[in-house]
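I have placed the structure first, in the form of structure tokens, so that the comments after it can refer back to it.
Number of protein chains: 2
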Amino acid sequence: MSSRLPAMVQTLRDRGIRLTAERRSILAGVLTCGGHFDVDRLLSHFRHQGVQVSRATVYRSLNTLVEVGLLRKIDLGDRPSLYEPIEGREHHEHMICVRCGEIIEFVEPEIERLQQEVCRRSGFEPLDHTLQIYGVCHACNCKDAAEECSDPARAGAGG
Amino acid sequence: MSSRLPAMVQTLRDRGIRLTAERRSILAGVLTCGGHFDVDRLLSHFRHQGVQVSRATVYRSLNTLVEVGLLRKIDLGDRPSLYEPIEGREHHEHMICVRCGEIIEFVEPEIERLQQEVCRRSGFEPLDHTLQIYGVCHACNCKDAAEECSDPARAGAGG
DNA sequence: GCTCCAGTTGAGACAGTATCTCAATTTAGA
DNA sequence: TCTAAATTGAGATACTGTCTCAACTGGAGC
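These protein sequence lines map, in sequence, to chains A and B. Quick note: the first sequence uses this note's numbering, first residue 654, plus one each step. Quick note: the second sequence uses this note's numbering, first residue 654, plus one each step.
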């Protein structure tokens, strides 16, 4: 996992961004947390490790990493934003379980193509987009079904 | 425009939601603002009209209207959320101009269908989704082009 | 290794959206 | 009219995220 660190460090160097101890910690933390994480997760990781990095610095550094293309920011509206390492992965969207918070990535090139098409028709130059599907994941659905079996009174209560 | 008010009032009655003076003002305000509006827009509309409704009540009532299906909330992340009347309109998504703030609606049933398909494949039960495309609208693009013509030094500066 | 300085950091103030608290008020049904 | 329960308003509060500014530091040049 930390084998990606040198590449990230190099990216910062190439952009003339100073490699402070804090930024090294943040890069390491990003790789350790992996997947999708928010600022709080990173901060508690640092507390756990006894690493001193201020909240402001974490916010600033994550923004920097987004700018240089090492991270992608996932804006969830009223919830804290999530970040995910990019590392040359294909552009993908997210399904977010409203029960357990599980985040499932999916790739659907045809959706991307249709968006481009829609923009072209409107003369709109797309720069970025967000597509999030909120719902109930498979695991939570199964759990629900099991609970309804053992508690029939609730079975018909769904909207 | 206000011909829709009785139907909205009826919806609230049907749900057993009390019709206070404040809620009537908010329904009227929603119809007057129309299109896409945020809480501040509604509040300044009320100030203008000399109508007294507190901020808390506006937030609470808009949430209520979303719950009963009269409004849709558009979550823009770091910007204030927008609301739009639903009134039986087709489900649509938004292109948002990062220059002028213009919001362009679009309907693309094939994107909706593909989302359903993706969810089905993952056993994910979709409840809601957000698709926003951020970019530069046609008008702003034209303005840019005009400015670049009169200021060639900037023409090659785009990244 | 030393110097220098622009970039960076930390602590806490601040901005902004949105919700909560709780006493006072109001609605709507009896 | 009466009453219970829902609703409201003012301001406190929660929470995410940015800004301020003095102190500090990475790294280029010597």
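Where is the CB? At the ideal position from N, CA and C, for every residue including glycine. Remember, predicted model here, so these are calculated numbers, not experimental data.
Let me make sure I understand the geometry here. Which of B:729, B:667, B:722 has the alpha-carbon closest to that of residue 734 of chain A? Here residue 734 of chain A corresponds to residue number 81 of the first sequence, with the count starting at 1. Considering only alpha carbons, the answer is B:729.
I'd like the span of the beta strand (DSSP E) that includes residue 679 of chain A, first residue to last. As a working mapping, residue 679 of chain A is identified with position 26 in the first sequence. DSSP places residue 679 of chain A in no beta strand (DSSP E) but in the uninterrupted alpha helix (DSSP H) bounded by 674-686.
Can you tell me whether residue 790 of chain B is buried or exposed, with buried defined as 16 or more other CB within 10 angstroms of its CB? Here residue 790 of chain B corresponds to residue number 137 of the second sequence, with the count starting at 1. Looking at its Cβ environment, which holds 16 or more other Cβ atoms inside 10 Å, residue 790 of chain B is buried.
For residue 724 of chain A, which of helix, strand or coil comes out of DSSP? Numbered from 1 along the first sequence, position 71 holds the residue referred to as residue 724 of chain A. Residue 724 of chain A: strand per DSSP, three-state reduction.
Look up residue 785 of chain A in the DSSP assignment and say whether it is helix, strand or coil. As a working mapping, residue 785 of chain A is identified with position 132 in the first sequence. Here residue 785 of chain A carries a strand assignment [DSSP, helix/strand/coil].
Is there a Cβ of chain A sitting closer than 8 Å to that of residue 720 of chain B, yes or no? The count along the second sequence starts at 1 and reaches residue 720 of chain B at position 67. No, no contact with chain A.
Might you give, ordered along the chain, the residues of its own chain that have their beta carbon closer than 7 Å to the beta carbon of residue 793 of chain A, omitting 5 neighbours on each side? Start at 1 with the first residue of the first sequence, and residue 793 of chain A comes out as number 140. Around residue 793 of chain A: 750, 752, 753.
Taking beta-carbon pairs under 8 Å, can you tell me which members of the stretch 741-753 of chain A lie near chain B? From the stretch 741-753 of chain A, only 748, 750, 751 have a Cβ closer than 8 Å to chain B.
Cutting at 8 Å between CB atoms, please list the residues of its own chain near residue 710 of chain A, excluding the five before and the five after it. For the purposes of this step, residue 710 of chain A is taken as residue 57 along the first sequence, with counting starting at 1. Within its own chain, the residues whose Cβ lies closer than 8 Å to the Cβ of residue 710 of chain A, once the five positions on either side in sequence are excluded, are 675, 679, listed in chain order.
Tell whether a beta-carbon distance below 8 Å holds between residue 721 of chain A and residue 761 of chain B. Within the first sequence, the letter at position 68 stands for residue 721 of chain A. Within the second sequence, the letter at position 108 stands for residue 761 of chain B. No, the pair does not count as a contact, with Cβ atoms beyond the cut-off.
Taking contact to mean at least 3 C-beta pairs separated by less than 8 Å, is the stretch 685-700 of chain B in contact with the stretch 697-709 of chain A? Judged by Cβ distances under 8 Å, the stretch 685-700 of chain B makes no contact with the stretch 697-709 of chain A, as fewer than three pairs qualify.
Mind pulling the chain A residues with CB within less than 7 Å of residue 771 of chain B? By 1-based counting over the second sequence, the position of residue 771 of chain B is 118. Within chain A, the residues 759, 761 have their CB atoms less than 7 Å from the CB of residue 771 of chain B, given in chain order.
Is the Cβ of residue 736 of chain B closer than 8 Å to any Cβ of chain A? Counting from one through the second sequence, the residue named residue 736 of chain B turns up at place 83. Using beta-carbon distances, residue 736 of chain B does not count as an interface residue toward chain A, since no partner is under 8 Å.
Give the range of the alpha helix (DSSP H) segment to which residue 762 of chain A is assigned. Within the first sequence, residue 762 of chain A is the residue found at index 109, counting from 1. Here the alpha helix (DSSP H) through residue 762 of chain A covers 762-775.
Tell me, please, which residues DSSP counts as bridged to residue 779 of chain A. Indexing the first sequence from 1 puts residue 779 of chain A at position 126. The partner list for residue 779 of chain A (beta bridge, DSSP) reads B:788.
Helix or strand or just coil, what does DSSP make of residue 663 of chain B? The sequence position of residue 663 of chain B within the second sequence is 10, counting from 1. Correct three-state label for residue 663 of chain B: helix.
Chain A residues whose Cβ lies nearer than 8 Å to that of residue 675 of chain B: Numbered from 1 along the second sequence, position 22 holds the residue referred to as residue 675 of chain B. Within 8 Å Cβ-Cβ: nothing; residue 675 of chain B doesn't reach chain A, min ~23 Å.
Simplified DSSP state of residue 669 of chain A, which is helix, strand or coil: Position 16 of the first sequence, counting from 1, holds the residue named residue 669 of chain A. If DSSP states are grouped into helix, strand and coil, residue 669 of chain A belongs with coil.
Endpoints, the beta strand (DSSP E) within which residue 735 of chain A is located: Counting from 1 along the first sequence, the entry for residue 735 of chain A is found at position 82. From DSSP, the beta strand (DSSP E) with residue 735 of chain A extends over 735-738.
Within 10 angstroms of the Cβ of residue 604 of chain A, are there 16 or more other Cβ atoms? Answer buried if so, exposed if not. In this structure chain A extends from 654 to 812, so residue 604 of chain A is not present and cannot be described.
For residue 782 of chain A and chain B, any beta-carbon pair shorter than 8 Å? What you label residue 782 of chain A is simply residue 129 of the first sequence in a count that begins at 1. For residue 782 of chain A, the answer is yes, since a Cβ of chain B falls inside 8 Å of its Cβ.
For residue 743 of chain B, which three-state DSSP category applies? In the second sequence, residue 743 of chain B corresponds to position 90, counting from 1. Here DSSP, grouped into helix, strand and coil, assigns residue 743 of chain B to coil.
Report yes if the C-beta distance between residue 780 of chain A and residue 764 of chain B is below 8 Å; otherwise report no. In the first sequence, residue 780 of chain A corresponds to position 127, counting from 1. In the second sequence, residue 764 of chain B corresponds to position 111, counting from 1. Inclusion of residue 780 of chain A and residue 764 of chain B in the CB contact set at 8 Å is not warranted, their separation being larger than that value.
Residue span of the alpha helix (DSSP H) that contains residue 690 of chain A, given as start and end: Looking up residue 690 of chain A in the first sequence gives position 37. Here residue 690 of chain A belongs to no alpha helix (DSSP H), and DSSP marks it neither H nor E.
In chain A, what lies closer than 7 Å to residue 802 of chain B by C-beta? In the second sequence, counting from the first residue as 1, residue 802 of chain B sits at position 149. Ordered by position in chain A, no residue passes the 7 Å Cβ test against residue 802 of chain B, which lies about 17 Å from the chain.
Extent of the continuous beta strand (DSSP E) to which residue 755 of chain A belongs: By one-based count along the first sequence, residue 755 of chain A stands at place 102. That residue, residue 755 of chain A, is in no beta strand (DSSP E); it is neither H nor E in DSSP.
With 16 as the cutoff for other CB atoms within 10 Å, does residue 685 of chain A come out buried or exposed? As a first step, residue 685 of chain A must be located in the first sequence, where it is residue number 32. Classification for residue 685 of chain A: exposed.
Environment of residue 737 of chain B [buried if 16+ CB atoms lie within 10 Å]: Taking the second sequence and counting its residues from 1, one reaches residue 737 of chain B at position 84. Residue 737 of chain B is classed as buried because its beta carbon has at least 16 other beta carbons within 10 Å across all chains shown.
Contact set between residue 688 of chain B and chain A, taken where Cβ atoms lie within less than 8 Å: Locating residue 688 of chain B in the second sequence gives position 35, counting from the first residue. Residues of chain A passing the Cβ test: none, with the nearest at roughly 17 Å.
Which chain A residues are close to residue 779 of chain B, counting only those with a beta carbon under 9 Å from its beta carbon? Here residue 779 of chain B corresponds to residue number 126 of the second sequence, with the count starting at 1. Result: 748, 786, 787, 788, 789.
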